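A.B. asks: Residue numbers (my numbering): 29 to 303. Glycine included, C-beta positions come from ideal geometry on N, C-alpha and C. As the structure is a computational prediction, the values presented were derived from the model and not from experiment.
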Amino acid sequence: MTQNPLQQYFRQPKIFIGLPSHGIYNKPGSFDTDVDHIPVFGMTGMDEILVKTPDALLTGESTVKVIASCCPAIKDPWALSNIDLDMVLTAIRIATYGNELNIKHVCEECGTENEYDFDMSTFIDYYSSCKFENKVVAGDLTIMIRPLTYKQSSDFSLRNFQMQQRLKQIQDLEDENQKNVELSSLYGELAKLQNDIFIAGIEHVNTGSVTVTERGFIKEWVENSDSKLLESVRELVKKNQRTWRSPTQKIKCDNCGFEAYLTISLDQADFFVAA
Numbered sequence: 029m030t031q032n033p034l035q036q037y038f039r040q041p042k043i044f045i046g047l048p049s050h051g052i053y054n055k056p057g058s059f060d061t062d063v064d065h066i067p068v069f070g071m072t073g074m075d076e077i078l079v080k081t082p083d084a085l086l087t088g089e090s091t092v093k094v095i096a097s098c099c100p101a102i103k104d105p106w107a108l109s110n111i112d113l114d115m116v117l118t119a120i121r122i123a124t125y126g127n128e129l130n131i132k133h134v135c136e137e138c139g140t141e142n143e144y145d146f147d148m149s150t151f152i153d154y155y156s157s158c159k160f161e162n163k164v165v166a167g168d169l170t171i172m173i174r175p176l177t178y179k180q181s182s183d184f185s186l187r188n189f190q191m192q193q194r195l196k197q198i199q200d201l202e203d204e205n206q207k208n209v210e211l212s213s214l215y216g217e218l219a220k221l222q223n224d225i226f227i228a229g230i231e232h233v234n235t236g237s238v239t240v241t242e243r244g245f246i247k248e249w250v251e252n253s254d255s256k257l258l259e260s261v262r263e264l265v266k267k268n269q270r271t272w273r274s275p276t277q278k279i280k281c282d283n284c285g286f287e288a289y290l291t292i293s294l295d296q297a298d299f300f301v302a303a
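The following block contains the structure:
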């Protein structure tokens, strides 16, 4: 095949990043390069269209396609661990638009709309310094947890969204008996969803003599264990969630001086716009 004469104008990697997980929570062969030196390209015009597509955003499909386009060394973006995801999305934004992110925010005190500029390279530094704690010892048991994959997280989020939509429909029912029946059923499904998320985050359980990885056995153990036994696992999960949230930014209103803290969400269309 004849070489494209425009190839010299193709986009080139803008930055290189190391994954916070160092690839620990990804299956072998998930990357085409060293996980501590992944090249990141800026978005194409097609990528920018994808991140503005509501249905694709809801299912996670647009995020996956953009990661595949901008980080081709990541062979299966769906399998990317959640603790790596925000680092990757931040790097893609920097590679596309530069370090500066402009955010508009309405002051809670006086209603004035202010604009703030944030240096996204500090987010890269933050995620690079985070540590995922994965072990809980409870008596004779050692429980090892792991972050969800982006596929798992997206599927759970979609299930939750669908249930929230059903809840709105149920609230509009005029028949109180039917409403109560529907609500009872829905709350049961919501409880099951939370349990499924919890189980998915358990990698294995070691009893001292055997390591249990079978998902069915772990599910049965979770559903039949004393709540106090599992509370330490839930607390560690929550601790990791707090650690891996995007760092809050202190802001001050130019009009009234009111100070607040702003959390920037990374997995959404608003994040991928030019400053």
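Just to confirm, are residue 90 and residue 96 a CB contact at a threshold of 8 Å?
C.D. replies: no
A.B. asks: Of the residues 116, 113, 138, 147, which one's Cα is nearest the Cα of residue 126?
C.D. replies: 147
A.B. asks: Do residue 118 and residue 160 have their beta-carbon atoms positioned less than 8 Å apart in this structure?
C.D. replies: no
A.B. asks: Going by CA-CA distance only, name the one from 178, 62, 45, 56 that's closest to residue 109.
C.D. replies: 178
A.B. asks: With a threshold of 16 other CB atoms inside 10 Å of the CB of residue 284, please say whether the residue is buried or exposed.
C.D. replies: exposed
A.B. asks: Could you tell me whether the Cβ atoms of residue 261 and residue 165 are closer together than 8 Å?
C.D. replies: no
A.B. asks: Quick check for students: name the residue ranges of the beta strand (DSSP E) that lie wholly in the segment 177–224, counting only runs of 3 or more.
C.D. replies: none
A.B. asks: Figure out for me which residue from 67, 135, 66 has the closest Cα to the Cα of residue 290.
C.D. replies: 135
A.B. asks: Measuring only the C-alpha atoms, how far is residue 141 from residue 79?
C.D. replies: 25 Å
A.B. asks: Give me the residue from 99, 231, 128 with the minimum Cα distance to residue 75.
C.D. replies: 99
A.B. asks: When the cut-off is 8 Å and only beta carbons count, does residue 254 lie next to chain C?
C.D. replies: Within the model displayed, chain C is absent; a lone protein chain is all it includes.
A.B. asks: Does the segment 183–203 come close enough to the segment 265–280 that 3 or more CB-CB pairs lie under 8 Å?
C.D. replies: In this structure the segment 265–280 does not lie against the segment 183–203, because fewer than three pairs of beta carbons, one per stretch, are closer than 8 Å.
A.B. asks: Whose C-beta lies closer than 6 Å to the C-beta of residue 234 among residues of the same chain, with five residues either side of it excluded?
C.D. replies: The residues are 170.
A.B. asks: Here's a check: name, in chain order, each residue in its chain whose Cβ is nearer than 6 Å to the Cβ of residue 113, leaving out the five neighbours to either side.
C.D. replies: 178
A.B. asks: Whole angstroms are fine: how far does the CA of residue 230 sit from the CA of residue 188?
C.D. replies: 20 Å
A.B. asks: Taking all protein chains shown into account, do 16 or more other C-beta atoms lie within 10 angstroms of the C-beta of residue 39, making it buried, or fewer, making it exposed?
C.D. replies: exposed
A.B. asks: Please name the residue in 199, 293, 41, 275 whose C-alpha comes closest to that of residue 211.
C.D. replies: 199
A.B. asks: Taking residue 82 as part of the alpha helix (DSSP H), name the residues at either end of that continuous run.
C.D. replies: 82–87
A.B. asks: Please report the residue range of the beta strand (DSSP E) in which residue 130 lies.
C.D. replies: 128–134
A.B. asks: What's the gap between the Cα of residue 218 and the Cα of residue 41?
C.D. replies: The C-alpha of residue 41 is placed about 43 Å away from the C-alpha of residue 218.
A.B. asks: If you compare alpha carbons, which of 133, 158, 237 is closest to residue 7?
C.D. replies: Residue 7 is absent from the structure shown; the chain starts at 29 and stops at 303.
A.B. asks: Please report the Cβ distance between residue 115 and residue 47, rounded to the nearest whole angstrom; I am assuming they are in contact, meaning their Cβ atoms lie under 8 Å.
C.D. replies: Going by Cβ atoms, the distance from residue 115 to residue 47 rounds to 7 Å, so yes, they are a contact pair.
A.B. asks: Among residues of its own chain, excluding the 5 on either side of residue 92, which ones have a beta-carbon nearer than 8 Å to its beta-carbon?
C.D. replies: 105, 106, 178
A.B. asks: With a CB to CB cut of under 6 Å and the five nearest residues on each side skipped, what residues in its chain are close to residue 184?
C.D. replies: 225
A.B. asks: Which partner residues of residue 169 appear in the DSSP bridge assignment?
C.D. replies: 166
A.B. asks: Residue 53 by DSSP, collapsed to three states: which one?
C.D. replies: DSSP places residue 53 in coil when its eight states are reduced to three.
A.B. asks: At a threshold of 7 Å, does residue 248 count as lining the ligand MG (C-beta to nearest heavy atom)?
C.D. replies: Within the structure as shown, the ligand MG is missing, as the structure has no ligands at all.
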